[in-house]
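As they're listed, the protein sequences go chains F and S. Each residue of the first sequence is one higher than the one before, starting from 750 at the first, in this note's numbering. Each residue of the second sequence is one higher than the one before, starting from 13 at the first, in this note's numbering.
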Amino acid sequence: MTTTDKRMEVRAIENGTVIDHIPSDSLFKIIKILKLDTDTHRMTFGTNLESKRMGSKAIIKINDRYCQQEEINRLALIAPMAVVNIIKNYEVVEKRKITVPEHIEGFVRCSNPKCITNNEPMTTSFDVINSDEIALKCHYCEKITYQKQMELIK
Amino acid sequence: MGKKNLISITDFSKEEIIHITELAAEFEANPYQPLLEGRVIASLFFEPSTRTRLSFESAINRLGARVIGFSDTANTSVSKGETFHDTITTISNYCDMIVMRHSLEGAPRYASEISKVPVVNAGDGANQHPSQTLLDLYSIKKTQGGLDGINIMMIGDLKYGRTVHSLLQALSHFNTKFTFVAPPELQLPDEYKLFLKEKGLPFEEKREIDEAINQADIVYMTRVQRERFTDPMEYERVKNVYVLRNSMLEGTKPNMRILHPLPRVNEIATDVDSNPKAYYFNQTENGVYTRMAIISYLLGVKK
Ligand SMILES: [Zn+2]
């Protein structure tokens with residue numbers, strides 16, 4: 750990795766959060782799941798960047814905002830391999846681990862079209878029943894939504 | 013005191029399940045107990061089901077309460093586009109309990125979160141129908157003298173049959189031995205097999221009704237419906253394989269009883285009806301006592 754790349758990825762912000770090693774095709778999902786589209790902090794998004802580890806990757810840099818653990822855990826649903834760096838004074842002061850939450854409210858749609866949550870204005874709710882290949886059990890219809898069926902709520 | 017609902021059979025502990033069967037026996041011995049005089053129970057059938065509705069309403073009446081509600085959603089505010097949330101909020105102000113059936117899965121769970129009064133699920137789509145499960149258990153207990161160590165053979169649509177799934181979950185408390193007989197397209201879903209494995213309960217899977225029926229204490233029949241098959245030829249091929257005939261019952265145990273959640277189509281030949289092992293019509297009577305037990309337990313008038 751060259752010095753320029755390194756500066757691109759991490760050192761460009763003074764304080765805030767850098768989310769690295771995002772699969773390129775998950776960038777917009779992450780923007781949505783972290784509600785960055787309505788966030789007013791200064792932000793930089795990069796995508797289709799070269800990555801030795803994953804071929805192509807995306808990166809998110811948020812100035813002056815430190816993402817909370819609860820927010821970071823949401824990434825487990827779509828980019829479990831992402832790396833979250835907390836930056837203070839241009840230095841990485843903490844790498845936050847993504848842990849799969851036990852329970853998820855909202856964000857994800859139930860894969861069962863006959864579920865009440867797909868037919869009423871209400872919030873979805875799931876228990877995470879398998880954290881390796883994530884499987885969500887709907888609190889309402891009790892059906893399981895597997896990772897490959899997972900669809901985010903707009 | 014927190015309100016208690018019955019939405020899914022897993023809402024009840026083993027002790028509560030046993031307790032309900034004991035209360036049902038008490039109501040069977042004395043079916044007219046006006047424990048709920050002056051109370052009002054809403055019977056909300058967003059999806060019509062005459063059999064289940066009448067069974068619940070009979071139970072409510074025998075307990076001395078009054079019924080309000082609807083048997084389908086024509087001519088209600090629901091048909092005018094009111095949200096489910098608003099319907100339940102309003103009706104829960106009119107009554108002491110809500111009994112509801114809905115074609116959307118999870119609707120009763122959501123209702124129980126909105127409603128001030130207890131909610132009983134009388135069936136939500138392909139999901140749960142816990143009062144059916146409890147009446148099945150009461151029928152098993154009554155005919156076998158207990159619930160422990162039963163050998164049960166479940167036949168037919170084990171994939172979509174919600175009564176099969178809920179009964180399996182409930183029986184998992186009681187050291188049951190299961191045999192599943194289903195066509196390849198309608199096999200028991202993996203999640204339930206995994207559930208039984210985790211519980212350490214033995215089960216066997218079969219394609220046809222064979223001599224294993226001679227070991228069964230309970231034969232639980234379900235309907236094999238044409239619309240469940242992607243290939244209509246497959247349906248034609250299997251439809252007669254899962255029909256129970258009187259001649260198949262010759263070597264069965266004397267205590268064996270045949271259950272069916274009804275309505276039956278052709279999966280039990282009519283020549284079985286006069287066999288004393290046919291129990292499916294007695295089940296419907298047990299349903300009323302079981303529902304009396306559920307209602308009075310949830311309202312706290314029977315401890
Ligand atoms: Zn659902």
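Beta carbons: idealized from backbone N, C-alpha and C, even for Gly. All values derive from a computational prediction rather than experimental measurement.
F:Val857 and S:Asn17 have their C-alpha atoms spaced approximately 27 Å apart. Not one heavy atom of ligand 1 sits closer than 7 Å to the Cβ of S:Tyr122. Among the residues of chain F, those whose CB is under 8 Å from the CB of S:Glu117 are Asn861, Lys863, Cys864, Ile865, Tyr889, Cys890, Glu891, Lys892, following chain order.
Closer than 7 Å to some heavy atom of ligand 1: that describes the Cβ of F:Asn861. Nearest C-alpha to F:Ile768 among F:Thr787, F:Ser874, F:Asn812: F:Asn812. Closest in alpha carbon position to S:Gly312, among S:Thr88, S:Met109, S:Glu197, is S:Met109.
F:Glu854 is bridged by DSSP to F:Ser874. Judged by their CB atoms, F:Asp876 and F:Glu840 are not nearer to each other than the 8 Å cut-off. With a threshold of 7 Å, the Cβ atom of S:Lys189 does not count as near ligand 1, since no heavy atom of the ligand is closer than that. Chain-order list of chain S residues neighbouring F:Pro870: Thr95, by C-beta distance under 7 Å.
F:Ala807 is bridged by DSSP to F:Ile771.
Contacts with chain F at 8 Å (Cβ-Cβ) include S:Asn139.
When the Cα atoms are used, S:Ala36 and S:Leu310 turn out to be separated by approximately 13 Å.
S:Met304 places its beta carbon 8 Å or farther from that of S:Ala119. Per DSSP, S:Thr155 is not a residue of any beta strand (DSSP E); the alpha helix (DSSP H) it occupies stretches across 142–156.
S:Ser184 and S:Phe207 have their C-alpha atoms spaced approximately 9 Å apart. In chain order, Thr191 place their CB closer than 6 Å to the CB of S:Glu216, counting only its own chain and leaving out the 5 sequence neighbours on each side. Just so you know, the alpha carbons of S:Leu256 and S:Leu48 end up roughly 42 Å apart.
According to the DSSP assignment, S:Val132 belongs to the beta strand (DSSP E) that extends over 131–136.
When secondary structure is reduced to three states using DSSP, F:Thr789 falls in the coil class, being assigned neither helix nor strand.
Contiguous alpha helix (DSSP H) elements confined to the region 195–222 of chain S occur at 202–210, taking only those with 4 or more residues. Just measuring C-alpha positions, the residue of S:Asn87, S:Ser143, S:Ser115 sitting nearest F:Cys864 is S:Ser115. Membership of S:Ile167 in the beta strand (DSSP E) is indicated by the continuous run 163–167. The beta carbon of S:Ser184 sits no closer than 8 Å to any beta carbon of chain F. Looking at the DSSP output, S:Phe68 sits in no beta bridge, so it has no partner there. Taking every protein chain shown into account, the CB of S:Thr282 has fewer than 16 other CB atoms within 10 angstroms, so this residue is exposed.
DSSP links F:Val841 through a beta bridge to F:Ile836. Under the DSSP assignment, S:Arg113 falls in the beta strand (DSSP E) whose first and last residues are 109–114.
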